[in-house]
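Trainee: Numbering (the working numbering), first residue to last: 3 to 119. In this text, a Cβ means the ideal position worked out from N, Cα and C, and glycines have one as well. Next up is a structure, given as structure tokens.
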């Protein structure tokens with residue numbers, strides 16, 4: 003395993019997450035985090051189904067490296083905490099439900115796509 007490639011992939015994922023956050027920073031609802039988590043789940047599902055068994059180095063570099071830098075579960079948790087602090091309970095439950103449901107849907111879509119390409 004080439005640790006330099008893993009680090010580069012992680013850095014690229016981080017930069018992509020940052021750029022998406024900048025594009026959507028005007029939103030009050032944490033749309034950027036939601037989009038990144040769903041897209042990251044989709045990419046990870048695709049990579050898992052396509053490469054985890056037979057090409058583990060590709061899966062590790064892109065799945066662990068890129069997706070690890072790209073997805074924002076800790077930010078997701080902080081967003082929920084802030085909503086609780088601000089007593090935005092409806093938004094908090096909506097965000098939580100959408101993130102989990104769409105994240106799982108992203109994994110499923112990625113797995114499905116990997117079987118047809």
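(1) I want to know whether the segment 72-92 touches the segment 49-63 - three or more CB-CB distances under 8 Å.
(2) Where does residue 90 fall in DSSP's three states?
(3) Measuring CA to CA, which of 96, 105, 47 is closest to residue 114?
(4) Using a 10 Å radius around the Cβ and a threshold of 16 neighbouring Cβ atoms, would you call residue 52 buried or exposed?
(5) Taking C-alpha atoms, which residue in 72, 33, 73 lies nearest to residue 96?
(6) Which of the three DSSP states is assigned to residue 100 in this structure?
(7) Return yes when the Cβ of residue 11 is within less than 8 Å of the Cβ of residue 68, no when it is not.
(8) With a Cβ-Cβ cutoff of 8 Å, do residue 8 and residue 92 count as a contact?
(9) Cα separation between residue 4 and residue 15?
Mentor: To lay it out plainly:
(1) no
(2) coil
(3) 47
(4) buried
(5) 33
(6) helix
(7) yes
(8) no
(9) 17 Å
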